[in-house]
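Asks: Everything in the sequence shown is counted per our numbering, starting at 799 for the first residue and increasing by one. Virtual Cβ for every residue (Gly too), placed ideally from N, Cα, C.
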Amino acid sequence: MASTTIALKQTGRKAAGRRSPLHGGPLAYAVLGFATLLFVFPFYWTLVAASRSNSELSSATPALTPGPNLFHNIGAALEQAAIGTALLNSLIVSVAVTVGVVLSSTLAGFAFAKLRFRGRGLLLAITVGTMMIPPQLGVIPLFMVIVKLDLQNKLPSVILPSLVSAFGVFFMRQFLVQALPDELIEAGRMDGASALRIFRSIVLPVARPGMAVLAMLTFMATWNDFFWPVVALSSQNPTVQVALKSLGQGYVPDQSIVMAGTLIGTLPVLLVFALLGRQIVGGIMQGAVKG
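Below, the structure is given as C-alpha cells:
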C-alpha cells in the first residue's frame, strides 16, 4: 500500500495549503454569544426547575436560580419510575442502533459515492424517496411483524427496525463524494487491494469525521425517540422517554419531578456530545469544503 500512503500524504498537504485563518469581529462574537445564551438557557432552566418545588414553579414570579431540592426531586423521580432500568435500556438501544446505522451507512455511502454498478442512480433515488414516507404509516404493519416474531416488550423490537437509515446513507454518500479523492481508491487498486481492504484502510480513516457526526445525530435521535418505543415497550421495561411520561402524575402534575427526570435523561446526551465534539466540528468543517 505504498502508493496509497503517498497519495494520502499529498492529499493532506493540498488540504493544508487550502486552509486560511478567518477572524471574526466584535459583532460576530456578540451574535455568537447571544445565540449561545439562547441555546444554553433551556438546559439552565431545566436545572433550576429540577431544584425547586412545584409551588415555586407555579408562582407569579418563578425563581431564576437553582434551589435546594435537586437531590430530593431526583430521588422522587427514581422512586416514581424505573429510571435506572430506563437509562440502561436507552443506552443499549442507542449504542446498538448507532453502531448499526454508522457501519451500514458508511458501507452503502461508499458504494453509492465511488463504486460503479448498474442501477446505482435508481437505488439511490429509492433510498432517498423512503425519507418522504411518514413513519406513522408503517407502525401497524411493523407492530404486526414484531408480534409475529414474539418481540413485543423486548429491546430488539426497538433496535432492529432502526439499524438502517436512509438519511445516514445519503449523508455518508454526500460526505464521501467530497472528502474521498478518486486518486486514493485508484492507488489502492494499483496495489492490488480488494474492495473490502480499500474500505478498511482508505475509506474508514477519511470517513471518520462524517461517521462521528452521524453517530452523534443517530444517538440523540434514538435516545429521544418516544413514539415507537411507547408502542413496542411497556412501563415495566421502558426507555428513558417512555419512563418520563409516568413522572409527576396526579391531580396537579409535579413539574419539578418531571424536570428532575428530564435532567437525568439529558446528561448522557451531553456526555456523548462532549466526547465527540471535536470530531463533530471537524466533520462539519470538512464536509463544507469541496475536495
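Residues in its own chain within less than 6 Å of valine 1067 by CB, not counting five upstream and five downstream?
Replies: As a position in the sequence shown, residue 1067 is number 269, starting the count at 1. Once the five neighbours on either side are set aside, the close Cβ partners of valine 1067 are Met1018 and Trp1021.
Asks: Within 10 angstroms of the Cβ of isoleucine 931, are there 16 or more other Cβ atoms? Answer buried if so, exposed if not.
Replies: Translated into the one-based positions of the sequence shown, residue 931 becomes position 133. When all chains shown are included, isoleucine 931 counts as exposed.
Asks: Grab me the residues of threonine 1060's own chain with a C-beta within less than 8 Å of its C-beta, minus the 5 sequence neighbours each way, in chain order.
Replies: Translated into the one-based positions of the sequence shown, residue 1060 becomes position 262. Closer than 8 Å at Cβ, skipping near neighbours: Thr844, Ala848 and Leu1042.
Asks: Taking buried to mean at least 16 other C-beta atoms within 10 Å of its own C-beta, is lysine 946 buried or exposed?
Replies: For the purposes of this step, residue 946 is identified with residue 148 of the sequence shown, where counting begins at 1. With fewer than 16 Cβ atoms within 10 Å of its Cβ, lysine 946 is classed as exposed.
Asks: May I ask which residues mark the beginning and end of the alpha helix (DSSP H) holding serine 963?
Replies: Your numbering for residue 963 matches position 165 in the sequence shown. Unbroken run through serine 963: none, as it is neither H nor E.
Asks: So leucine 1031 and asparagine 951 are in contact, right, with Cβ under 8 Å, and what is the actual spacing, rounded?
Replies: Within the sequence shown, numbered from 1, the residue matching residue 1031 stands at position 233. Within the sequence shown, numbered from 1, the residue matching residue 951 stands at position 153. That belief holds up - the Cβ atoms of leucine 1031 and asparagine 951 are roughly 6 Å apart, short of 8 Å.
Asks: Could you work out which residue in Leu935, Ile1000, Pro954 and Phe968 is closest to leucine 922 when comparing CA atoms only?
Replies: Taking the first residue of the sequence shown as position 1, residue 922 is located at position 124. Of Leu935, Ile1000, Pro954 and Phe968, the residue nearest in Cα terms is Phe968.
Asks: Just to confirm my understanding: we take lysine 1088, look at its own chain, exclude 5 residues before and 5 after, and list those with CB closer than 8 Å. What are they?
Replies: The residue labelled residue 1088 in the question sits at position 290 within the sequence shown. Bear in mind that the predicted position of lysine 1088 carries a pLDDT of just 44, short of 50, making it unreliable; the figure below should be weighed with that in mind. For lysine 1088, where only same-chain residues beyond five positions count, the Cβ hits under 8 Å are Gln976.
Asks: Considering only C-alpha positions, which residue in the set Phe839, Arg850 and Val1001 is nearest to alanine 911?
Replies: By one-based count along the sequence shown, residue 911 stands at place 113. Closest option to alanine 911, Cα to Cα, is Val1001.
Asks: Where are the alpha helix (DSSP H) runs, 4 residues long or more, that stay fully inside the stretch 944–985, in chain order?
Replies: The stretch 944–985 contains these whole alpha helix (DSSP H) runs: 954–957 and 964–977.
Asks: Out of Ser1054, Leu953, Gln1034 and Gly831, which one is the CA nearest neighbour of proline 866?
Replies: Along the sequence shown, one-based indexing puts residue 866 at 68. Of Ser1054, Leu953, Gln1034 and Gly831, the residue nearest in Cα terms is Ser1054.
Asks: Using a Cβ-Cβ cut-off of 6 Å (strictly less than) and excluding sequence neighbours within five positions of alanine 874, which residues of its own chain qualify?
Replies: As a first step, residue 874 is located in the sequence shown; it is residue number 76 there, counting from the start. Cβ within range, chain order: Ile1055.
Asks: Which same chain residues end up closer than 7 Å to alanine 880 when comparing Cβ atoms and leaving out the 5 residues on each side of it in sequence?
Replies: The residue given as residue 880 occupies position 82 in the sequence shown. Excluding sequence neighbours, alanine 880 sits near Pro1036 and Ala1041.
Asks: Decide if alanine 909 is buried, meaning its Cβ has at least 16 other Cβ atoms within 10 Å, or exposed.
Replies: Residue numbering aside, residue 909 sits at position 111 when the sequence shown is read from its first letter. That one is buried.
Asks: Can you round the beta-carbon distance between alanine 964 and valine 1011 to whole angstroms, since I take them to be within the 8 Å contact cut?
Replies: Locating residue 964 in the sequence shown gives position 166, where the first residue counts as 1. Locating residue 1011 in the sequence shown gives position 213, where the first residue counts as 1. Contact flag wrong, Cβ pair sits at about 16 Å.
Asks: Do serine 902 and valine 962 have their C-beta atoms within less than 8 Å of each other?
Replies: Numbered from 1 along the sequence shown, position 104 holds the residue referred to as residue 902. Numbered from 1 along the sequence shown, position 164 holds the residue referred to as residue 962. In this structure, valine 962 lies closer than 8 Å to serine 902 by Cβ.
Asks: How about valine 747 and methionine 1009: are their beta carbons less than 8 Å apart?
Replies: The requested residue 747 is not part of the displayed model; the chain covers only 799 to 1089.
Asks: How would you write the range of the alpha helix (DSSP H) that leucine 1031 sits in, first residue to last?
Replies: On the sequence shown, position 233 is the one that residue 1031 refers to. No alpha helix (DSSP H) holds leucine 1031; DSSP gives it neither H nor E.
Asks: Assuming alanine 923 is part of the alpha helix (DSSP H), what are its boundary residues?
Replies: As a first step, residue 923 must be located in the sequence shown, where it is residue number 125. Alanine 923 -> alpha helix (DSSP H) spans 918–927.
Asks: Would a C-beta distance cut-off of 8 Å place threonine 896 and methionine 970 closer than the cut-off?
Replies: Against the sequence shown, residue 896 aligns to sequence position 98. Against the sequence shown, residue 970 aligns to sequence position 172. Not a contact, by the Cβ cut-off of 8 Å.
Asks: Roughly how far, in whole angstroms, is the beta-carbon of isoleucine 938 from the beta-carbon of serine 955, given that I think they are within contact range, below 8 Å?
Replies: The residue given as residue 938 occupies position 140 in the sequence shown. The residue given as residue 955 occupies position 157 in the sequence shown. Incorrect: roughly 14 Å between the Cβ atoms, too far for contact.
Asks: Out of curiosity, what's the CA-to-CA distance linking leucine 889 and serine 960?
Replies: To locate residue 889, count along the sequence shown from 1; it is residue 91. To locate residue 960, count along the sequence shown from 1; it is residue 162. Each residue's alpha carbon lies about 14 Å from the other.
Asks: Please say whether phenylalanine 941 and valine 1097 have beta carbons closer to each other than 8 Å?
Replies: Nothing can be reported for residue 1097: it is not among the residues displayed for the chain, which extend from 799 to 1089.
Asks: What did DSSP end up calling asparagine 852 once you bin it into helix, strand or coil?
Replies: For the purposes of this step, residue 852 is identified with residue 54 of the sequence shown, where counting begins at 1. Helix at asparagine 852.
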